[in-house]
Ligand code: DQA
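Residue numbers (this note's numbering): -19 to 127.
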């Protein structure tokens, strides 16, 4: 089983970006923890990050043939991007929406998600640990829907 962990805009700045909200782990720290967990779960992971909406759409299209499921922290595009939503629908892939912060406890413009209705579920508010939770969740989901 191969899982794509796809990260959107500004997540390359994790570690120094608003640490009170997003914590002090860098994306590289999170990737290392996910790789360790993936090994324990017997799956492989690929990590990608882009600040560009179209590049995220391209990565979702590529995942159709390259991955079994996707964990997507779309950053601010979560709240604005019909293109990302359409890409998830178009690929028909199992995608988990992920956020470090609890977007519902923040500004009202973060309460809307364009992508949640086409994702299998949402994990948010658990900081960097959410990546591990999402990995466990998608592996369980894909295992239950295998065959
Ligand atoms: C985020 C939440 C978004 O609202 C924000 O724009 C981000 C990060 C999170 O992981 O908490 O860039 O996706």
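Don't be surprised by glycine CBs; every beta carbon is placed ideally from N, CA and C.
Any non-hydrogen atom of the ligand DQA within 7 Å of residue i CB
| i | result |
| --- | --- |
| residue 81 | yes |
| residue 43 | no |
| residue 65 | no |
| residue 56 | yes |
| residue 59 | yes |
| residue 90 | yes |
| residue -10 | yes |
| residue 53 | yes |
Residue i vs residue j beta-carbon contact at 8 Å
| i | j | result |
| --- | --- | --- |
| residue 71 | residue 40 | yes |
| residue -14 | residue 36 | yes |
| residue 95 | residue 78 | no |
| residue -11 | residue 56 | yes |
| residue 3 | residue 52 | no |
| residue 19 | residue 5 | no |
| residue 90 | residue 59 | yes |
Paired residues, beta bridge with residue i - DSSP
| i | result |
| --- | --- |
| residue -18 | 24 |
| residue 102 | 77 |
| residue 115 | Residue 115 is not bridged to any residue. |
| residue 49 | -17 and 74 |
Cutoff 8 Å; reference residue i; Cβ partners in own chain excluding five residues on either side
| i | result |
| --- | --- |
| residue -8 | 7, 29 and 31 |
| residue 110 | 78, 79, 80, 103 and 104 |
| residue -2 | none |
| residue 117 | 76, 101 and 103 |
| residue 46 | -18, -16 and 26 |
Close Cβ partners of residue i (< 7 Å) along its chain, the five nearest in sequence each way excluded
| i | result |
| --- | --- |
| residue 17 | 112 and 115 |
| residue 69 | 98 |
| residue 107 | 3 and 80 |
| residue 48 | -19, -18, -17 and 122 |
| residue 1 | 81 |
| residue 84 | 91 |
Same chain, Cβ closer than 6 Å to residue i, five either side skipped, listed in chain order
| i | result |
| --- | --- |
| residue 75 | 50, 52, 68 and 99 |
| residue 119 | 21 and 23 |
Give a yes or no on contact between the segment 23 to 32 and the segment 4 to 15, applying the rule of three or more CB pairs nearer than 8 Å. yes
So, do the segment 57 to 70 and the segment 108 to 127 have three or more beta carbon pairs nearer to each other than 8 Å? These segments do not touch.
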